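So the sequence shown is residues 0 to 129, counted in numbering that gives the first Met the number 0. A virtual CB, placed ideally from N, CA and C, is assigned to each residue, including glycine. Everything numeric in this text was worked out from a predicted model, so none of it was measured. Read through the structure below, which is laid out as structure tokens, and then see the notes.
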Amino acid sequence: MLELVFFVAAAALVGWMMSRKQRQRSTATADGEPAGVPCMLKWSAQGSRWRAGRLLIGAGPLVWKPSLGRREAALPADLRQTGVRSPSLREAVAINPGSRIVECESSDGQVLIAVMPGDLDHVVKFLERA
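Have a look at this one:
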């Protein structure tokens, strides 16, 4: 019984922390401040695998900061959204199956950005403005 109470308390704490971070991102983007949106990126210039990181959206150009290793990478200036879709079964193995994939085109080729549904509006609105 004690384990169940501990598990419920831990789950509630994690849920509260996640919603708090999402509210902070929403407030920051509404105020025009830079915000880091957790995402997975698949870009031919970075390799053919999905890579975890944060999409830094704000006043300047769109920048992707990887979770591990490499330095920040500025996404192409001519990046434009071509669609939004759910991940395929094969992609769901590499990324969160509940995420949405924003398909983009640029002069450098196709760029795929996988974000959670709560952060999808932030990314789409920024791509429309850019």
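In the three-state scheme derived from DSSP, where H, G and I count as helix and E and B as strand, Pro65 is classed as strand.
In the DSSP assignment, Leu40 falls within the beta strand (DSSP E) that extends over 34-42. When the beta-carbon positions are compared, Val114 and Cys38 come within less than 9 Å of each other. Under the DSSP assignment, Ala113 falls in the beta strand (DSSP E) whose first and last residues are 108-114. Cβ contact annotation for Gln21 (same chain, cutoff 6 Å, sequence separation greater than five): Gly117, in chain order. Beta-carbon to beta-carbon, Trp49 and Ala93 are separated by about 5 Å, close enough to satisfy the 8 Å threshold. Sequence-distant partners of Arg84 (beyond 5 residues in either direction) whose C-beta falls short of 8 Å from its own C-beta, in its chain, are Arg99, Ile100, Glu102.
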